[in-house]
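Each residue of the sequence shown is one higher than the one before, counting from 667 in my numbering.
To keep things clear, I will list the structure first and then write my remarks on it.
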Amino acid sequence: MSFSLYIDCSGLVEGLEKYHCLKNLHDKVPCSEWVTDTRSLPKGSLILGFEEDVLCLCRAGDKEKPVFVDFVGGKAGHRRKFGGGKGQDIAKAVGLNKGVTPHVLDGTGGLGRDAFVLATLGCSVTLIERSPVIAALLQDGIDRARLAPEVAAIANRMKLINEDSRQAMQTMAADSQQFDVVYLDPMFPHREKSALVKKEMRIFQDLLSGDPDADELLAPAEALAAYRVVVKRPKHAPDLSDKEPTYRLEGKACRYDIYAFKAFGKDK
Ligand SMILES: C[S@@+](CC[C@H](N)C(=O)[O-])C[C@H]1O[C@@H](n2cnc3c(N)ncnc32)[C@H](O)[C@@H]1O
């Protein structure tokens with residue numbers, strides 16, 4: 667890995683905020699902060715760096731594949747080609763089966779998988795992600811996708827904001843902005859023991875310490891959404907903010923709670 671940045675989890679967010687979204691990371695981070703020999707790092711510590719042109723997150727001393735965003739090939743590419751289009755649960759949840767193509771705000775962007783599915787189906791998606799590290803991985807994936815002819819148009823429908831969406835949504839509502847749909851997928855503590863949790867999820871857990879303030883997302887989302895708020899939840903999870911949705915869509919691995927305000931097609 668070239669241009670590696672050692673991430674000390676204890677000071678992570680404070681330490682990295684100054685690089686704002688870590689775009690053009692190698693130009694912005696002073697040389698003194700780059701790690702040239704990652705073998706010197708404590709085993710298991712997190713490293714953010716480039717492998718060829720791809721921004722990756724991995725662990726020192728770990729032989730597993732690093733975490734990075736790939737919208738062109740891999741799982742995202744497969745789902746784009748064979749994923750079931752507007753018949754997918756997420757598509758139904760945001761209303762794509764009603765003959766509309768809503769403008770979506772994804773308030774918990776993560777690695778952008780859900781947003782990419784919606785953008786593939788024609789939605790414009792504004793994503794908000796508060797972790798500067800996750801935002802950097804995501805922005806890097808979007809930037810590379812914009813250069814790939816087969817997905818460039820999709821990636822151009824995705825816009826990332828590196829902020830906390832609780833404040834960002836309030837500011838947007840105060841500016842009289844509206845989105846057709848606000849989509850939320852906050853992390854929920856996993857019941858499985860750590861060895862069974864997917865590697866990517868473990869890195870997320872170490873990096874982000876869960877989303878303990880997730881309940882605070884619902885009210886500002888409701889203030890911003892013209893038609894509906896959609897909340898993705900693990901099947902066993904309680905309702906976000908203990909608020910019962912208008913209805914639920916039960917999927918295989920998760921459920922979608924829909925807080926509906928107005929039918930599509932009605933005036934805003
Ligand atoms: C489960 S992941 C989302 C995965 C995403 N739906 C995907 O398809 O890749 C949750 C993400 O939401 C982010 N998040 C949680 N609360 C947030 C907030 N208040 N503002 C912005 N991002 C937030 C976390 O940092 C984390 O990256």
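We treat Cβ as the ideally placed atom computed from N, Cα and C, and that holds for glycine.
This structure is a prediction, so every number in the text was calculated from the model and none was measured.
Judging by CA-CA distance, which residue of V760, G765, S797, D830 is the nearest neighbour of D780?
As a working note, residue 780 is residue 114 in the sequence shown. Taking only the C-alpha atoms, the option nearest D780 is V760.
Alpha-carbon spacing of S797 relative to M835, whole angstroms
Locating residue 797 in the sequence shown gives position 131, counting from the first residue. Locating residue 835 in the sequence shown gives position 169, counting from the first residue. In a straight line, the C-alpha of S797 is about 16 angstroms away from that of M835.
For P900, which three-state DSSP category applies?
Working through the sequence shown from its first residue, we reach residue 900 at position 234. Three-state DSSP puts P900 in a strand.
Report the start-end ranges of each alpha helix (DSSP H) in the region 785 to 832 that is 4 residues or longer and not cut off at the edges.
798 to 812, 818 to 821
Exposed or buried, K898, counting other C-beta atoms within 10 Å across all chains shown (16 or more means buried)?
What you label residue 898 is simply residue 232 of the sequence shown in a count that begins at 1. Flag for K898 reads buried.
Counterpart residues of L762 in DSSP-defined beta bridges:
Translated into positions along the sequence shown, residue 762 becomes position 96. Paired residue(s): none; L762 is not in a bridge.
If you check the beta carbons only, do I941 and D830 fall under 9 angstroms apart?
Given a span of 667 to 934 for the chain in the structure shown, any question on residue 941 remains unanswerable.
Closer than 8 angstroms: E888 CB and nearest ligand 1 heavy atom
Counting from 1 along the sequence shown, the entry for residue 888 is found at position 222. No, the beta carbon of E888 sits no closer than 8 angstroms to any heavy atom of ligand 1.
Hey, is M838 close to ligand 1, as in C-beta under 8 angstroms from one of its heavy atoms?
The count along the sequence shown starts at 1 and reaches residue 838 at position 172. No, the Cβ of M838 stays beyond 8 angstroms of every heavy atom of ligand 1.
For a test of the three-state rule: what should DSSP assign to A839, helix, strand or coil?
As a first step, residue 839 is located in the sequence shown; it is residue number 173 there, counting from the start. In the structure shown, A839 sits in a helix (DSSP, three-state: H, G or I).
Mapping the DSSP letters down to three states, classify L890 as helix, strand or coil.
Counting from 1 along the sequence shown, the entry for residue 890 is found at position 224. It is helical.
Output the boundary residues of the alpha helix (DSSP H) element that contains S926.
For the purposes of this step, residue 926 is taken as residue 260 along the sequence shown, with counting starting at 1. The amino acid occupying residue 926 in the given sequence is Ala; Ser does not appear at that position. It is not in any alpha helix (DSSP H) - A926 instead sits in the beta strand (DSSP E) that spans 920 to 926.
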